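Undergrad: Going by my numbering, the sequence shown opens with residue 12, and the numbers climb by one from there.
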Amino acid sequence: MKSFFIIIKSDYLQRTRSYAFSITLCASLAIAYTFVPEPNASYSTIKIGDYVGFYNSAWFGYVTAIMTSIFLSLIGFYLINSGIKKDVETKVGQIVATTPISNFKYLFSKVLSNFLVLLSITFLVFLMSLVLFFLYHDDFSFELFQFIKPYLIITLPALFFISVIAVIFEVLFGKYSVLQNVLFFIFFSSLMVFTPKTDAAFSLDIFGSKIVIHELEETVRGITNAEKEMDLTIGYILSNAEQAKKFQFEGIDFPMSFILSRLLIFLLGVVLIALTSPFFHRFNIKEKSSNKKSKPIVEKTKINKEIILTSFPELRINYSISALLKTEFVLLVRKGNKWLWLFNVIGMILLAVLPSKIAHQMVLPVLWFLQVSRLSDLTTKEITNNTHYFAFTSYKPIGRLLISQLLAGIALMLLVALPLIIRLGLSSNFSNIPAIILGGILIVIFAVLLGILSKGKKLFEVLFFLITYANINRIPFLDYFGGLKHHPLFLVKLALLIFILAGISLLLRKYQLKK
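Right under this line is the structure:
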């Protein structure tokens with residue numbers, strides 16, 4: 012049992028002490044700050060028709076608990092889904108495999124360490140919600156229980172289930188990170204569109220937010236005496252909070268069936284890990300070459316021949332980046348299993364055959380997101396593979412290596428978007444083509460910047476998933492490829508943002524080289 016707790020402790024400390032965790036934590040707190048808008052803000056996060064709640068303890072507690080449950084589940088998976096992979100890379104797994112600890116105990120220890128990481132972020136968000144209450148409250152009394160109750164019943168079970176899913180995906184699809192991303196994207200989206208209407212159906216809601224949303228709708232319906240469905244929106248809705256009508260929300264008395272269902276999520280997680288543990292490789296990973304039969308060694312007689320130096324071709328120095336560009340592009344294309352390109356081919360076909368609006372707004376961001384594993388280590392693979400000492404001391408590491416990586420990434424993004432670009436050109440819709448091209452350039456530079464900044468790929472994966480999900484839900488602020496209608500200066504803003512991010516990336520890489 013001692014080894015079980017040691018694994019949990021060491022894994023938790025290793026994750027929380029990483030640079031990527033620190034950056035993700037800061038980003039999470041910055042986003043959590045916006046969960047409850049300030050009184051004169053120009054947006055709202057939860058709005059029922061024309062109504063928002065008074066800033067009392069119940070509103071703060073339940074709104075932040077719902078937003079944390081959804082938001083942290085969204086990005087948390089990408090933050091914690093590499094625990095087993097890290098043990099493989101650091102060879103710690105081989106040491107663990109020699110200990111008496113069972114597969115179930117090891118996997119469950121990973122679940123608990125994942126849960127503790129998410130719990131740490133949740134605790135800080137919880138503290139921030141308390142601080143914001145004292146800053147924004149509308150002269151309502153402070154009730155601590157109205158904060159604790161929704162976090163315990165809504166948020167914690169959801170985060171535990173995400174911790175379980177992260178471990179299960181690693182066990183079953185450990186070699187296919189792209190497949191993990193796609194499956195979780197589908198899984199998360201299906202949970203979000205699930206709309207229960209009865210108490211029994213509310214018990215099936217993993218995030219636990221639907222019952223609160225239903226209660227908010229019923230409260231406003233009782234005020235307005237409206238019989239039709241209320242138009243409730245969750246997200247960042249541009250509106251003047253001061254002009255919205257206010258109602259008082261007093262919290263929820265959760266039915267016993269719902270509370271039991273939240274407790275059963277923990278039991279379900281344990282059962283799923285128990286069912287998955289027989290499929291765990293226990294770090295007995297054989298190389299492909301080991302399965303090949305060794306060929307018999309044929310001894311050859313050595314023949315001494317005189318080496319004539321003049322017979323060798325003349326050495327020519329080539330300072331162009333064409334060879335590097337070709338190599339970087341081939342590395343991007345060949346990354347991962349070949350059959351995963353089937354998803355890209357299907358996406359490119361959909362870009363060509365679906366209605367242009369759907370192809371532009373829905374298919375393109377998903378297709379670009381499928382390249383996340385290729386772009387995430389565009390500028391970090393040298394550090395990961397310990398070749399940065401050679402790469403960073405090469406001739407013009409910025410002018411040749413970094414630029415070739417940028418161009419290769421841009422070429423890949425434009426290649427998968429090519430059917431849509433050609434289609435828009437044939438239909439004389441030239442106004443959207445520059446936005447797509449600039450969007451592809453922007454996301455590559457964004458990947459380069461975050462890779463240089465965090466020296467890892469987790470931060471980009473988390474934020475890119477968040478941006479993609481926001482674009483599918485048509486949030487104008489995060490539209491980077493012109494899928495929605497924008498101001499005529501939209502392209503200028505995109506170009507300016509690209510220039511700024513590229514400049515920051517170059518400065519950071521120069522600083523990195525000096526160190």
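Beta carbons: idealized from backbone N, C-alpha and C, even for Gly. All of these numbers come straight from a predicted model, not from anything done at the bench.
(1) Beta-carbon within less than 6 Å of leucine 507's beta-carbon, same chain only, minus the 5 sequence neighbours each way: which residues are those?
(2) Near arginine 273, what residues of its chain come up, given a Cβ to Cβ distance below 7 Å and the 5 sequence neighbours on each side ignored?
(3) Taking just the CA atoms, how far does leucine 170 sit from phenylalanine 129?
(4) Nearest-angstrom Cα distance between lysine 337 and lysine 466?
(5) Short check: CB of alanine 481 to CB of leucine 386, under 8 Å?
(6) For phenylalanine 291 versus alanine 108, is the C-beta spacing smaller than 8 Å?
(7) Identify whether threonine 45 lies in helix, strand or coil by the three-state DSSP scheme.
(8) What's the gap between the Cα of phenylalanine 184 and the Cα of leucine 190?
(9) Quick check on this structure: which residue in Gly64, Met139, Ser333 and Leu275 has the alpha carbon closest to the alpha carbon of glycine 262?
(10) I'd like to know whether the C-beta atoms of threonine 172 and isoleucine 42 end up nearer to each other than 8 Å.
(11) Is it the case that the Cβ atoms of valine 142 and threonine 79 are separated by a distance below 8 Å?
(12) For the 8 Å Cβ check, are there 3 or more pairs between the segment 195-211 and the segment 21-36?
(13) Suppose only complete runs of 4+ residues qualify. What are the alpha helix (DSSP H) ranges in the segment 48-119, listed by chain order?
(14) So, helix, strand or coil for phenylalanine 258, using DSSP?
(15) Alpha carbon to alpha carbon, what distance is there between serine 120 and phenylalanine 145?
(16) Is lysine 392 helix, strand or coil when you go by DSSP?
(17) Quick check: what's the CA-CA separation for serine 93 versus isoleucine 222?
(18) Whose C-beta lies closer than 7 Å to the C-beta of phenylalanine 403 among residues of the same chain, with five residues either side of it excluded?
(19) Please state whether DSSP places asparagine 397 in a helix, a strand or coil.
(20) I think isoleucine 86 touches valine 473, with their Cβ atoms under 8 Å apart; what is that distance to the nearest whole Å?
(21) Please report how far the alpha carbon of leucine 83 lies from the alpha carbon of tyrosine 187, in whole angstroms.
(22) Give a yes or no on whether the C-beta atoms belonging to leucine 381 and valine 193 are separated by under 8 Å.
(23) Tell whether a beta-carbon distance below 8 Å holds between tyrosine 66 and aspartate 149.
(24) Count the other CB atoms within 10 Å of the CB of serine 152; is the residue buried (16 or more) or exposed (fewer)?
(25) Spatial neighbours of alanine 285 within its chain, please: C-beta separation below 8 Å, excluding the five flanking residues on both sides.
(26) Taking the CB atoms as reference points, tell me whether aspartate 388 and lysine 469 lie closer together than 8 Å.
(27) Does DSSP put histidine 498 in a helix, in a strand, or in coil?
(28) On a CA-only basis, which of Cys37, Leu378 and Phe156 is nearest leucine 423? Give me that one, please.
(29) For my contact list, valine 383 and phenylalanine 475 are in at a C-beta cut-off of 8 Å; report their separation, rounded to the angstrom.
(30) Alpha helix (DSSP H) containing histidine 225: first to last residue?
(31) I'd like the ranges of any alpha helix (DSSP H) spanning at least 4 consecutive residues and lying wholly in the segment 164-193.
(32) Is the beta carbon of phenylalanine 258 sitting closer than 8 Å to the one on tyrosine 23?
(33) Would the segment 408-426 and the segment 442-452 be scored as touching if the rule is three or more Cβ pairs under 8 Å?
(34) Do three or more CB pairs link the segment 426-443 to the segment 482-491 at distances below 8 Å?
(35) Who are the near neighbours of glutamate 49 in its chain, counting only those whose CB is closer than 7 Å to its CB and skipping five residues on each side?
(36) Could you check if glutamate 339 is buried or exposed, using at least 16 other CB atoms within 10 Å of its CB as the buried criterion?
TA: According to the structure data:
(1) Taking the first residue of the sequence shown as 1, we reach residue 507 at position 496. No residues qualify anywhere along the chain.
(2) As a first step, residue 273 is located in the sequence shown; it is residue number 262 there, counting from the start. For arginine 273, same chain residues with a beta-carbon under 7 Å away, outside a window of 5 residues either side, are Ile164, Pro168 and Gly219 in chain order.
(3) The residue given as residue 129 occupies position 118 in the sequence shown. The residue given as residue 170 occupies position 159 in the sequence shown. Sequence inspection shows leucine at residue 129; the phenylalanine mentioned does not correspond to that position. Their Cα atoms are separated by approximately 7 Å.
(4) Translated into positions along the sequence shown, residue 337 becomes position 326. Translated into positions along the sequence shown, residue 466 becomes position 455. Whole-angstrom Cα-Cα distance: 24 Å.
(5) The residue given as residue 481 occupies position 470 in the sequence shown. The residue given as residue 386 occupies position 375 in the sequence shown. No, Cβ-Cβ distance for alanine 481 and leucine 386 is not below 8 Å.
(6) For this step, residue 291 is matched to residue 280 along the sequence shown. For this step, residue 108 is matched to residue 97 along the sequence shown. No, the pair does not count as a contact, with Cβ atoms beyond the cut-off.
(7) For the purposes of this step, residue 45 is identified with residue 34 of the sequence shown, where counting begins at 1. Coil at threonine 45, not helix or strand.
(8) Taking the first residue of the sequence shown as position 1, residue 184 is located at position 173. Taking the first residue of the sequence shown as position 1, residue 190 is located at position 179. Taking the straight line from one Cα to the other gives about 7 Å.
(9) Locating residue 262 in the sequence shown gives position 251, where the first residue counts as 1. It is Gly64.
(10) Taking the sequence shown and counting its residues from 1, one reaches residue 172 at position 161. Taking the sequence shown and counting its residues from 1, one reaches residue 42 at position 31. According to the sequence as given, residue 172 is phenylalanine; it is not threonine. In this structure, isoleucine 42 does not lie closer than 8 Å to phenylalanine 172 by Cβ.
(11) Within the sequence shown, the letter at position 131 stands for residue 142. Within the sequence shown, the letter at position 68 stands for residue 79. Result no, Cβ atoms of valine 142 and threonine 79 do not sit closer than 8 Å.
(12) no
(13) Counting only unbroken stretches of 4 or more residues, the alpha helix (DSSP H) elements lying wholly within the segment 48-119 are 68-91, 94-100 and 103-108, in sequence order.
(14) Here the question's residue 258 lines up with position 247 in the sequence shown. Residue state, collapsed to three classes: strand.
(15) Locating residue 145 in the sequence shown gives position 134, where the first residue counts as 1. Locating residue 120 in the sequence shown gives position 109, where the first residue counts as 1. Answer to the nearest angstrom: the Cα atoms are 38 Å apart.
(16) Here residue 392 corresponds to residue number 381 of the sequence shown, with the count starting at 1. Here lysine 392 sits in helix by DSSP.
(17) Mapped onto the sequence shown, residue 93 falls at position 82. Mapped onto the sequence shown, residue 222 falls at position 211. Roughly 32 Å between the two C-alpha positions.
(18) By 1-based counting over the sequence shown, the position of residue 403 is 392. Counting only Cβ-Cβ distances below 7 Å, and skipping sequence neighbours, we find Leu524.
(19) Sequence index remark: in the sequence shown, residue 397 carries index 386 (1-based). When secondary structure is reduced to three states using DSSP, asparagine 397 falls in the coil class, being assigned neither helix nor strand.
(20) The residue labelled residue 86 in the question sits at position 75 within the sequence shown. The residue labelled residue 473 in the question sits at position 462 within the sequence shown. Contact check for isoleucine 86 and valine 473: beta-carbon distance about 4 Å, within the 8 Å limit, so the pair qualifies.
(21) As a working mapping, residue 83 is identified with position 72 in the sequence shown. As a working mapping, residue 187 is identified with position 176 in the sequence shown. Their Cα atoms are separated by approximately 23 Å.
(22) Taking the first residue of the sequence shown as position 1, residue 381 is located at position 370. Taking the first residue of the sequence shown as position 1, residue 193 is located at position 182. Yes, Cβ-Cβ distance for leucine 381 and valine 193 is below 8 Å.
(23) Taking the first residue of the sequence shown as 1, we reach residue 66 at position 55. Taking the first residue of the sequence shown as 1, we reach residue 149 at position 138. In contact: tyrosine 66 and aspartate 149 (Cβ atoms closer than 8 Å).
(24) As a working mapping, residue 152 is identified with position 141 in the sequence shown. So serine 152 counts as exposed.
(25) Your numbering for residue 285 matches position 274 in the sequence shown. So the list reads Phe115, once near-sequence residues are dropped.
(26) Mapped onto the sequence shown, residue 388 falls at position 377. Mapped onto the sequence shown, residue 469 falls at position 458. No, the pair does not count as a contact, with Cβ atoms beyond the cut-off.
(27) Sequence index remark: in the sequence shown, residue 498 carries index 487 (1-based). Coil, per DSSP.
(28) Residue numbering aside, residue 423 sits at position 412 when the sequence shown is read from its first letter. Looking at the Cα atoms, Leu378 is the closest of the given residues.
(29) As a first step, residue 383 must be located in the sequence shown, where it is residue number 372. As a first step, residue 475 must be located in the sequence shown, where it is residue number 464. Contact flag correct, Cβ pair sits at about 5 Å.
(30) Here residue 225 is taken as the residue at index 214 of the sequence shown, counted from 1. First-last of the alpha helix (DSSP H) with histidine 225: 221-235.
(31) 167-184
(32) Here residue 258 is taken as the residue at index 247 of the sequence shown, counted from 1. Here residue 23 is taken as the residue at index 12 of the sequence shown, counted from 1. Not a contact, by the Cβ cut-off of 8 Å.
(33) yes
(34) no
(35) Taking the first residue of the sequence shown as position 1, residue 49 is located at position 38. Same-chain partners within the cutoff: Tyr147.
(36) On the sequence shown, position 328 is the one that residue 339 refers to. Result: buried.
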